[in-house]
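A.B. asks:
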Amino acid sequence: MDRKEISRILNEIGVMLELIGESPFKSRAYYNGARTVELLKEDIGDLVAGDRLKDIKGIGKALDEKISELVKTGRLRYYDNLKNQIPEGLFEILKVPGLGPKKVRTLYEKLSITTLGELEYSCIENRLVDLPGFGEKTQQKVLEGIQYLKKNRGRYLYPEAWSRAEELIGAMEKEEEVKHISAAGSLRRKSETVKDIDILAAGYDAEAIMDKFEALPGIEKTVERGSSKLGVLLENGIRVDLRVVSPEQYPFALHHFTGSKEHNTAMRHRSKGMGYKINEYGIFREDGDEGVSCASEEEFFKTLGLSFIPPEIRENTGEIEAAEEGNLPSLVEAADIKGLFHVHTVYSDGSASIEDMAEMARSLGAEYIGISDHSRSAYYAGGLKEDQIKRQREEIDRLNGKLRDFRIFAGIESDILPDGSLDYPDSILEKFDFVIASVHSNFTMDRDSMTKRLVRALENPFVTMLGHPTGRLLLAREGYPVDLESVIEAAAEKGKIIELNANPYRLDLEWHWCRRAKERGVKISINPDAHNLEGLKDIIYGVNAARKGWLSKQDVFNTYPLDVMVDVLSRGRGGE
DNA sequence: GCCGTTTTCGGCCCGACTGTTTTCAGTCG
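In our numbering, the protein residues as written are 2 to 577.
1) According to DSSP, simplified to helix, strand and coil, what is Phe407?
2) Among Thr74, Ile94, Glu396, Asp65, which has the Cα closest to the Cα of Leu120?
3) Using the three-state DSSP reduction, which class does Thr115 fall into: helix, strand or coil?
4) Between Asn443, Lys62, Lys196, which has its C-alpha nearest Ala454's C-alpha?
5) Report yes or no: do three or more beta-carbon pairs, one from the stretch 172-190 and one from the stretch 135-154, lie closer than 8 angstroms?
6) Going by DSSP, which residues form a beta bridge with Leu534?
7) Nearest to Asn502 by CA position, among Leu41, Glu486, Leu467, is which residue?
8) Would Val344 and Ile372 qualify as a contact pair, given that the criterion is a beta-carbon distance under 8 angstroms?
9) Residues bridged to Asn280 by DSSP?
10) Pair every Cβ in the stretch 411-424 with every Cβ in the stretch 558-569, then say whether three or more of these pairs are closer than 8 angstroms.
11) Note the first and the last residue of the continuous alpha helix (DSSP H) segment covering Asp44.
12) Is it true that the CB of Val488 sits closer than 8 angstroms to the CB of Ile525?
13) With H, G and I counted as helix, E and B as strand and the rest as coil, what does DSSP make of Ser354?
14) For Gln555, count the other beta carbons within 10 Å of its own beta carbon; 16 or more makes it buried, fewer makes it exposed. Which is it?
15) Quick one: Cα of Leu404 to Cα of Ile170, how far?
16) What do you get for Asn237, buried or exposed, if any count of 16 or more other CB atoms within 10 angstroms of its CB means buried?
17) Taking just the CA atoms, how far does Asp65 sit from Pro25?
18) Spatial neighbours of Leu144 within its chain, please: C-beta separation below 8 angstroms, excluding the five flanking residues on both sides.
19) Alpha helix (DSSP H) containing Tyr32: first to last residue?
20) Following the continuous beta strand (DSSP E) through Asp374, name the residue where it begins and the one where it ends.
21) Under the assumption that Lys278 contacts Glu287 (Cβ atoms under 8 angstroms), give the Cβ distance between them as a whole number of angstroms.
22) Taking only the alpha-carbon atoms, compute the straight-line gap between Lys175 and Glu249 and give it to the nearest angstrom.
23) Would Lys191 and Asn545 be called neighbours here (beta carbons separated by less than 8 angstroms)?
24) Ala458 and Ile417 - do their beta-carbons sit closer together than 8 angstroms?
25) According to the Cβ coordinates, are Val241 and Asp197 closer than 8 angstroms?
26) My understanding is that Val523 touches Ile499, with C-beta atoms under 8 angstroms, so please give their C-beta distance in whole angstroms.
27) For Leu510, which option in Phe463, Glu479, Gly496 has the closest C-alpha, if you only look at C-alpha atoms?
28) If you follow the alpha helix (DSSP H) that Ser579 is part of, which residue opens it and which one closes it?
29) Apply the 10 Å Cβ neighbour rule to Val565 and answer buried if 16 or more other Cβ atoms are within range, or exposed otherwise.
30) Would you call the stretch 95-105 and the stretch 125-139 touching, i.e. three or more CB-CB distances under 8 angstroms?
31) Along the chain, where does the beta strand (DSSP E) that runs through Glu527 open and close?
32) Would a C-beta distance cut-off of 8 angstroms place Leu231 and Gly219 closer than the cut-off?
33) Give me the DSSP bridge partner(s) of Met211.
34) So, helix, strand or coil for His181, using DSSP?
35) Cα-Cα, which of Ser187, Leu54, Phe258, Arg165 is closest to Leu217?
36) Is the beta carbon of Met17 closer than 8 angstroms to that of Ile87?
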């Protein structure tokens, strides 16, 4: 059993403990354990075998025994017992906004409600109003929450949320009451998907600011409103939370509302050890109410003895320790990207010509572009036959002849067949400037076979990089099961690049693993996988993800300037 | 259930908002 599965089970135990009314601290211990296991670097089997699990912070005797049982037997009696006590449907009911474990438990115990459907029916039958802690309004809210859940699964891709947030912030910036305004929360941390939009504003007249916000176009209704907090729904269903603080409180509040929750918890804990209390309003000495003023987030961190931690990496995965030691990486920026690989054209399933794609890339500041249409086994995408490859090459050579200070590299996105071989012979592969190897079919292999398939592809001397390593589609499809640790290892050994596909639906290699690749010395290429002109701009989402993965300029392949890239690609071709 | 340059017991991060309550529990972030 892998650590992802173990982490899931520990999390579920945490939820179940809340549902049966156990101590909240006990559930938290399981949540912490789940996170700890998820982020483990070392193989969990080895840790269990070496009896070293309980040396890890957050894992004590009880969790050690339970994790060991899972690893050794693949089962956990404690979990099974809990699971038998708790109807499956309660987990779905927990997702209804406004319902937490306590209320769900009441619904179950008093009304025997175990499914979302039963809950909806009970609301319509007016049966919630008499329950302790419930009332008319709660019942109405629950009913609306069920509709909301049915309408959408409650998460949005980053670009959709970001563009709406930019519009709202842009409109509010013009208001004179607004002294500062910024996105906060998971949006500011550049998460791949977000549940809602958090916006923080600073000003002295919160009521006026909230009034103006409520009146912005696209806002459908107000869900909650207090003296400093406003919650609204947009017409597309996204929830927006606006918080208003004073300009003096802004730096503290910006940090607080940017999160993550785990980062904040760790920061508060650390501050406490220094004799400070921190919250969204300031930094206070524990022995008095006196606050420490800070003009910016930079000063906030400085006061606490830390260098500035970029929002993207505030996940409590070592950033605080690194900031303390002055070891934070200098994160890659969009301007560092010097060229764009993985670009499709009209030769396969793209909609633009090679020349137009090149011009667009150039206008975006690139020095080179790497054309890689689909290969012959991708029938559905118009994969290239041998004669088309030849024609495309001729066109690229012709264009390169007339372009100055810009270069088009001729490549291919070659399918990795089930056995790990590519779908062209070496005699064809060797003619390309670069080769991206990707899986586009036979997703349903077991983990071992898929891992072998990818590793074998990486062993091919003509392969430059591995494309979208897990095949996941955010909010739509899980990636195929694969042991990425071994894949990264193989890439490290063979000196291969791994793609971070910048398409906002993919962002594959996922950022956790980017960090792992960096540790192993594997370079990441941030590729747009563009099928039209606009698609080239998706590169920014890849840069966001790379930043979350702690990548610096030197960790990213396509930050090489043109002359270096020409050199690297000519040397790397099968000559190892 | 975890943890300890105060501790092996008694803590465990903090605050806004809502709705149900007559002073607070539950939820959320």
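Yeah, the Cβ is synthetic: ideal placement off N, Cα and C, and Gly gets one too. Note that the coordinates shown come from a computational prediction; the quantities given were computed from them, not determined experimentally.
C.D. replies: Quick look at the numbers:
1) coil
2) Ile94
3) coil
4) According to the sequence provided, residue 454 is Arg. The question's Ala does not apply to it. Its Cα nearest to that of Arg454, the residue Asn443 stands out among Asn443, Lys62, Lys196.
5) no
6) None; Leu534 has no bridge partner.
7) Distance from the Cα of Asn502 is smallest, within the candidate group Leu41, Glu486, Leu467, for Leu467.
8) yes
9) Gly283
10) no
11) Looking at the DSSP string, Asp44 is not in any alpha helix (DSSP H), and its letter there is neither H nor E.
12) Against a cut-off of 8 angstroms, the Cβ pair of Val488 and Ile525 comes out as no contact.
13) coil
14) exposed
15) Going by C-alpha positions, Leu404 is about 41 angstroms away from Ile170.
16) exposed
17) 20 angstroms
18) Glu121, Cys124, Ile125
19) 25-39
20) 369-375
21) 5 angstroms
22) Spanning the two alpha carbons is a distance of roughly 20 angstroms.
23) yes
24) yes
25) Cβ distance < 8 angstroms, so Val241 and Asp197 count as in contact.
26) 6 angstroms
27) Checked all of Phe463, Glu479, Gly496; the closest Cα to Leu510 is Glu479.
28) Since the displayed the chain opens at 2 and closes at 577, residue 579 lies outside it and no answer follows.
29) Exposed is the label assigned to Val565, since fewer than 16 other Cβ atoms lie within 10 Å of its Cβ.
30) yes
31) According to the sequence displayed, residue 527 carries Ile and not Glu. First-last of the beta strand (DSSP E) with Ile527: 525-528.
32) For Leu231 and Gly219, no; Cβs fall outside 8 angstroms.
33) For Met211, which the question treats as bridged, DSSP gives no partner whatsoever.
34) strand
35) Arg165
36) yes
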